[in-house]
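Inspection log for the structure reproduced underneath, given as structure tokens.
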Amino acid sequence: MVRTLPSSSATHQKLREHGLHPSKARVAIYEWLIAHPVHPTVDMVFNALRPQISTLSRTTVYNVLRAFVECGLAEKVHSEDLELRYDGNPASHAHFKCTQCGSLTDLDSIPTSVPQTVGLPDGFIPHTTAVTLWGLCKKCASKHLRKTLNTAFAE
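Sequence positions in the sequence shown follow the working numbering and run 5 to 159.
So this is what it looks like as structure tokens:
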């Protein structure tokens, strides 16, 4: 899935609104993050943009993504395999993690708010909630179904 790329002038304005100077690396990373909602790792962003920006380093990508998180342009997404990913959609939403291919998909229609009366022990104060569902994405589910059907007909 690829989203529409924002114009460079819109990207420059967005970065400035969030207190960031629109450097070449920041503009390229933000536009790539928005256009490719795959919840990338630092390495994924680096590998995608390195051919276009020969001076780009992994450290720069990490620092830019960290700055985006700190100013509210992106969110960190932690998965069960301790792989840190980044989400260009900072609005509250749930995720679906495919247990077969590892893809991570936004689920905007699933509520992510948890009532304060969720049953926490006295003195606990939650500050964030992350909702992730695990299973097979549409592509992997289709492959699984075909494999299951082929096995059933072979018997």
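The C-beta atom is built at its ideal place from N, Cα and C for all residues, glycine as well.
Taking all protein chains shown into account, Gly-92 has 16 or more neighbouring C-beta atoms within 10 Å of its C-beta and is therefore buried. Cys-102 is bridged by DSSP to Gly-139. Taking C-beta atoms as the reference points, Lys-101 and Leu-108 count as a pair closer than 8 Å. In this structure, Ile-114 keeps its C-beta atom at 8 Å or more from the C-beta atom of Val-68.
One thing to note: Cys-75 has its Cβ within 8 Å of the Cβ of His-22. Between Asp-85 and Arg-62, the C-beta spacing is not below 8 Å. Residue burial is scored here from C-beta neighbours: Leu-24 has at least 16 other C-beta atoms within 10 angstroms and is therefore classed as buried. Beyond the five residues adjoining it in sequence on each side, Tyr-66 comes within less than 6 Å, by CB distance, of Val-46 in the same chain, given in chain order. The DSSP-derived three-state label of Thr-109 is strand. Glu-35 places its beta carbon 8 Å or farther from that of Thr-64.
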